[in-house]
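Accompanying notes for the structure given below.
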Amino acid sequence: MIYSVRHVTTFRYEPAVRESVMEIRMQPRSEANQRCLSFHLDVNPSANITQYCDFTGNSVHHFDIAGSHTEVKVTAQSTVQVETVPAPRPSEAGDWADLDALTASDDYWEMMLPSEFARSSPALEQLAKQLKCGRRGGPLELLTEVNENIYKMFSYVPNSTKVDSPIEEALFAREGVCQDFAHIMIALVRPLRIPCRYVSGYLFHRETEDGQKDRSLEGASHAWLRLWCPGWAGPRSTRPTT
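Residue numbers 906 to 1147, in my numbering, belong to the letters of the sequence shown in order.
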């Protein structure tokens, strides 16, 4: 399936600013079952845009707008082809020894460490005990179980947290938005030495055969996590909010 995605971000300033320096990570990645067929970035006021690739493989666009201005409008237009890939069976995803061998063969340490929004706390440790979040069964079996339990235990409530809210707010309230649930799951499974990282993007909403829809808002940017499992052809994603 081919998708056309147009993302418009507008910054307004009062009073006017004298200069804007920005880095934009808006170009979809080409990997696994996804291919970015085209991408165009427009900035108003106009600016000279440079591009480089960061250490995780994201395309980064950088620009500097000099001179007084009260608004900056950034429009990213993408065409993306996505092929449907069937979910693997747990027996195809390897065991914990396979996972340890995978992580020992390359540099995944940064994806297994705590981060600003995905770190341990008494509330998270309590949830981990409640979910029996330890190395048992197979990695994929455990990840699927944790994913399903977060869905059951937390309510999706738009605007219940902010972009910089710590996960404790969602843990105590048992409600939040996509980024909270992604950070919570990352913080739960990284101590098990499962490499994973935060991902943002878009969902195409459509009803299932029984008429159900995703809980997240249509048209809004979305968040989930990407993880490594042995026996799979590259990293895979899981969405604990839907």
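Note that the Cβ used here is the ideal one computed from N, Cα and C, for glycine as well.
- Note on residue 1069: under 16 other CB atoms within 10 angstroms of its CB, so exposed under the neighbour-count rule.
- Nearest to residue 1026 by alpha-carbon distance, out of 1071, 1127, 1082 and 1017, is 1071.
- Separation of residue 1132 and residue 972 (C-alpha to C-alpha, rounded to the nearest whole angstrom) is 43 Å.
- Annotation note: the stretch 996-1076 contains the following uninterrupted alpha helix (DSSP H) runs of length 4 or greater, listed N- to C-terminal: 1001-1009, 1027-1035 and 1044-1058.
- By the neighbour-count criterion, in which a residue is buried when 16 or more other Cβ atoms sit within 10 angstroms of its Cβ, residue 920 is exposed.
- DSSP, reduced to helix, strand and coil, places residue 979 within a strand of the structure shown.
- In this structure residue 1019 is exposed. Its beta-carbon is surrounded by fewer than 16 other beta-carbon atoms within 10 angstroms.
- A residue is called buried once 16 or more other Cβ atoms fall within 10 Å of its Cβ, and residue 1084 is buried on that count.
- At the C-beta level, residue 916 and residue 948 stay beyond 8 Å of one another.
- The beta carbons of residue 974 and residue 950 sit closer together than 8 Å.
- Annotation: the continuous alpha helix (DSSP H) that includes residue 1085 extends over 1083-1094.
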